Amino acid sequence: MMNPFLLKGYLDKDHFCDRDEETEKIITAVRNRQDLTIHAYRRIGKSALLKHVEAQVDKEFYFIYADIWGTSSVSDFLREISNGIIQSTIFSKRGIGKRLQEFIKSIGTSFTIGLDGRPSIDVIYNDQASIFKSLQELITFLNNQDKPVVLAIDEFQEIKKYDSVNIPIEATLRKITQDSQNIRFIYSGSEYHLINEIFNTYNRPFYQSTRMMQLGVIPKMKYQEFILAHFKKARKPIEAILVGQILDFAYVHTYYVQAIFNYLFGLAKVPSNWNEFEHVYHPFIEEKGVFYAELPDRITPQQFVVTKAFAKAGIVKSPTGAEFLRLANFTNSSSMRRAVKALEEKQIIIKDGEFFRIYDVFLGHYLKFSF
Ligand SMILES: Nc1ncnc2c1ncn2[C@@H]1O[C@H](COP(=O)(O)OP(=O)(O)OP(=O)(O)O)[C@@H](O)[C@H]1O
Ligand SMILES: [Mg+2]
5 MMNPFLLKGY LDKDHFCDRD EETEKIITAV RNRQDLTIHA YRRIGKSALL KHVEAQVDKE
65 FYFIYADIWG TSSVSDFLRE ISNGIIQSTI FSKRGIGKRL QEFIKSIGTS FTIGLDGRPS
125 IDVIYNDQAS IFKSLQELIT FLNNQDKPVV LAIDEFQEIK KYDSVNIPIE ATLRKITQDS
185 QNIRFIYSGS EYHLINEIFN TYNRPFYQST RMMQLGVIPK MKYQEFILAH FKKARKPIEA
245 ILVGQILDFA YVHTYYVQAI FNYLFGLAKV PSNWNEFEHV YHPFIEEKGV FYAELPDRIT
305 PQQFVVTKAF AKAGIVKSPT GAEFLRLANF TNSSSMRRAV KALEEKQIII KDGEFFRIYD
365 VFLGHYLKFS F
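Converting from the sequence shown to the working numbering requires adding 4 to each position, the first position being numbered 1.
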């Protein structure tokens, strides 16, 4: 039987837990011609949610998904959006040939044929006038479709990192989006300060131009039911109490929950209590050690001490409070404040609701077990 706990992507609604309200809200927004910005921590399930929405509305809209993670110029941006369009149902099998060629010609670029038999856009020029002209062509193309288009741009904060001293990228994109009657934009991103800067700064082009949605964790009870149902269906009973404990242990952070239950599902014998769980979990987390070996190079020795204290504590309400200072062996609350701020900036720890914790759940577990 297939392991029902996916470690990447989206399959169908049976392998997707809850998010009913969020899905409804997004669909309502696009039906009402509202643009939307979604913010969530990394690995909470932004991309999967977008795919889930796509699966619900793909008759009504052409849904285009582009992930611009790691792009560093407007040229890269254009490439990713173009590839999103090529992969979308706009070019469903029937129409693939001529219309696709015309589209590629209209944005004036070269392409290669990928393994899936579809072309993918390749080289794009470096003169800015052509790039913006192509971007304009592309938007015109979308505006002329026979159905409304949803253009979801994942990791939108990357545009903040573009090396574009001479091009007002935000202003230009804003202008383009305002001329797009047929397109609903969904922006999503994981770096809150950048997303906030783009959409919530008074003198910036995108200021309050979209609805905002904060994507939190899946409610624990919903996730517990989902997990129990999948184990039951596979005739691998697991204790509800243990599932609840593991969810707490992983702060209900989606990716980590998926990874742990994917692992447990694959074991010959499912653990029946916390002790048995710890026993099988140790080697799993030890194996992750290779990913964390370089951590001491990224942070100062003092920050490392604080990180280990977070690992020990789990969640911390007040890092500068007496209790946590004692745990970390600090006497000075202002140096603690500085260390916490630096660790937040380096995305080692996050403020998750009222509490601070280590961002990467497995890093926390690894440090807790091995020091
Ligand atoms: N509602 C859900 N039910 C079950 N699994 C989910 C759900 N949402 C996401 N996942 C799974 O959790 C993992 C992380 O999801 P996803 O990649 O969508 O997160 P993300 O927030 O986009 O992460 P990143 O910041 O790395 O881009 C994936 O394995 C995905 O299949
Ligand atoms: Mg993602």
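C-beta atoms are modelled at their ideal positions from N, C-alpha and C, and glycine is treated no differently.
Here the structure is a predicted model, which is why all the values come from computation and not from measurement.
Note: Ala315 is not bridge-paired with any residue in the DSSP secondary-structure output. In the structure shown, the three-state DSSP call for Leu10 is coil.
Taking 7 Å as the cut-off, the beta carbon of Leu371 is found no closer than this to the beta carbon of Ala313. Non-local C-beta neighbours of Thr93 in its own chain, meaning closer than 8 Å and more than five positions away in sequence, comprise Asp62, Tyr66, Phe67, ordered along the chain.
According to the DSSP assignment, Thr41 belongs to no alpha helix (DSSP H) but to the beta strand (DSSP E) extending over 40-43. In this structure, Lys55 has its beta carbon at no less than 6 Å from each heavy atom of ligand 2. Checking the 6 Å criterion, the Cβ of Lys226 is out of range of every heavy atom belonging to ligand 2. Excluding sequence positions up to five before and after Arg208, its CB lies within less than 8 Å of the CB of Glu174, Glu201, Ile202, all in the same chain and listed in chain order. As DSSP reads the structure, Ile354 sits in a beta bridge with Arg361. In this structure, ligand 1 has a non-hydrogen atom nearer than 6 Å to the beta-carbon of Ile48. Pairing Pro275 with Ile48, the inter-Cα distance amounts to about 26 Å. By the criterion of a C-beta distance shorter than 8 Å, Gly293 is surrounded in its chain by Tyr370, Ser374, once the five residues flanking it on both sides are discounted. The criterion of a C-beta distance shorter than 7 Å is not satisfied by Phe160 and Asp39.
Setting aside the 5 residues that flank it on each side, Phe136 is surrounded in the same chain by Thr176, each with a C-beta closer than 7 Å to its C-beta; the list follows chain order. Boundaries of the beta strand (DSSP E) around Ala70: 66-71.
Considered as a whole, the stretch 119-205 harbours 123-125, 153-158, 187-193 as its complete beta strand (DSSP E) runs of no fewer than 3 residues, in chain order.
The residue from Ser337, Asn333, Val310 with its alpha-carbon nearest to that of Glu348 is Val310. Judged by DSSP secondary structure, Gln218 falls within the beta strand (DSSP E) whose first and last residues are 215-218. The beta carbon of Arg37 sits closer than 7 Å to the beta carbons of Arg188 from its chain, once the five residues preceding and following it are set aside; these are given in chain order. Within the DSSP secondary-structure output, Val309 pairs in no beta bridge. With contacts defined by Cβ atoms closer than 7 Å, Ala332 and Gln306 do not form a contacting pair.
Going by C-alpha positions, Asp18 is about 45 Å away from Ser134.
DSSP, read as helix, strand or coil, puts Val256 in coil. Val57 is positioned such that its CB atom lies closer than 7 Å to that of Ile30. In the DSSP assignment, Ile85 falls within the unbroken alpha helix (DSSP H) covering 78-91. Straight-line measurement puts the Cα of Glu327 at about 25 Å from the Cα of Val256. Scanning its chain for C-beta atoms nearer than 6 Å, with the 5 sequence neighbours on each side dropped, one finds around Tyr267 the residues Phe288, in chain order. Rounded to whole angstroms, the gap between the alpha carbons of Val34 and Leu232 is 34 Å.
Two segments are said to touch when three or more pairs of C-beta atoms, one from each, lie closer than 8 Å; by this definition the stretch 223-232 touches the stretch 244-254.
In this structure, DSSP gives Val274 a state outside helix and strand, which the three-state scheme calls coil. A Cβ-Cβ separation of about 4 Å places Asp158 in contact with Asp71 under the 8 Å criterion. Scanning its chain for C-beta atoms nearer than 7 Å, with the 5 sequence neighbours on each side dropped, one finds around Gly270 the residues Asn7, in chain order.
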